[in-house]
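Chains as they are written, first to last, in our numbering: chain A, 1 to 115; chain B, 1001 to 1113.
Structure, rendered in structure tokens:
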């Protein structure tokens, strides 16, 4: 069974503070992703990674950094959190082939509130 | 701008009815279209998917109809059950090594008995 674990499940931060969201996968998948979910927007891609040491910008990367220190771990970093970053954040992993996308496995999400 | 659009935003059907969820896209390079199902408090999970070479994909009570010319697809849930109450996301991908998906806004489905 594919497993993606996110921590923390809930987080309250202050404006201007630093926030780190963590994700661990035991699927041995190469690719990992960070999405945020907001009503009316669905899920939007922030950053993704092809493997350890790799980070790539997604569709809405401004205000976020990512870190992939190992195959299993992928972090999302908000250096200076703002209230507009209040959202639910999802991490996902996937193993893709050369010609097509395959299934993404999502974690249970982290609800972040920035006051 | 939203490259993948879904309608309606929410949908209520009676148990046993067919729910129809619509999706459209703009990018002609999209060739893979998965639908994800999400229950409250959980992450999305793959429900069913279709590739652009097909016009229909069926899996039990769930069927995708795909119209490449019009850049539209729909998800039909036949004999809807209360356990189908969830948010459904249409997504699209151009393939390649990134495997990244572009999601629509989602349709919240409620099945009442």
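Beta carbons: idealized from backbone N, C-alpha and C, even for Gly.
Asked, Found
"Can you pull out the residues from the segment 40-53 of chain A whose beta carbon lies closer than 8 Å to at least one beta carbon of chain B?", "40, 41, 42, 43, 44, 45, 48 and 50"
"Taking residue 1017 of chain B as the query, report the chain A residues whose CB atoms sit under 9 Å from its CB, ordered along the chain.", "Simply none; closest approach about 25 Å."
"Quick check on DSSP: helix, strand or coil for residue 84 of chain A?", "helix"
"Of all the options A:49, A:55 and A:115, which has the alpha carbon lying nearest to the alpha carbon of residue 94 of chain A?", "A:49"
"Would you say residue 111 of chain A and residue 44 of chain A are within 9 Å of each other, going by their C-beta atoms?", "no"
"Do you know offhand how far residue 1096 of chain B's Cα is from residue 102 of chain A's?", "10 Å"
"Check the Cβ-Cβ distances between residue 1034 of chain B and every residue of chain A, and say whether any is below 9 Å.", "yes"
"Taking DSSP's pairing of strands, which residues face residue 1087 of chain B in a bridge?", "B:1038 and B:1108"
"Beta carbons nearer than 7 Å to chain A: which residues of the segment 1088-1102 of chain B have them?", "1089, 1093, 1095, 1097, 1098, 1099, 1100 and 1101"
"Take every Cβ of the segment 18-31 of chain A, pair it with every Cβ of the segment 76-90 of chain A, and state whether three or more of those distances are shorter than 8 Å.", "yes"
"Do you know how far the Cα of residue 13 of chain A is from the Cα of residue 1022 of chain B?", "37 Å"
"Which value, in whole angstroms, describes the spacing of the CA atoms of residue 1066 of chain B and residue 1014 of chain B?", "25 Å"
"Below 8 Å, can you find three or more Cβ-Cβ pairs linking the segment 26-35 of chain A to the segment 82-91 of chain A?", "yes"
"Are the C-beta atoms of residue 62 of chain A and some chain B residue less than 9 Å apart?", "no"
"Taking Cβ positions only, does residue 1044 of chain B come closer than 9 Å to chain A?", "yes"
"Leaving out the 5 sequence neighbours to the left and right, which residues in its chain are closer than 6 Å to residue 1030 of chain B when beta-carbon positions are compared?", "1092 and 1094"
"Please list the partners that residue 1105 of chain B has in chain A, where partner means a Cβ-to-Cβ separation under 9 Å.", "39, 40, 41 and 42"
"Since residue 1008 of chain B contacts residue 1107 of chain B with CB under 8 Å, what's their CB separation in whole angstroms?", "6 Å"
"Apart from the five residues on each side of it in sequence, which residues of its chain come closer than 6 Å, Cβ to Cβ, to residue 1059 of chain B?", "1048"
"Listed in chain order, which residues of the segment 73-92 of chain A have Cβ atoms closer than 9 Å to some Cβ of chain B?", "90, 91 and 92"
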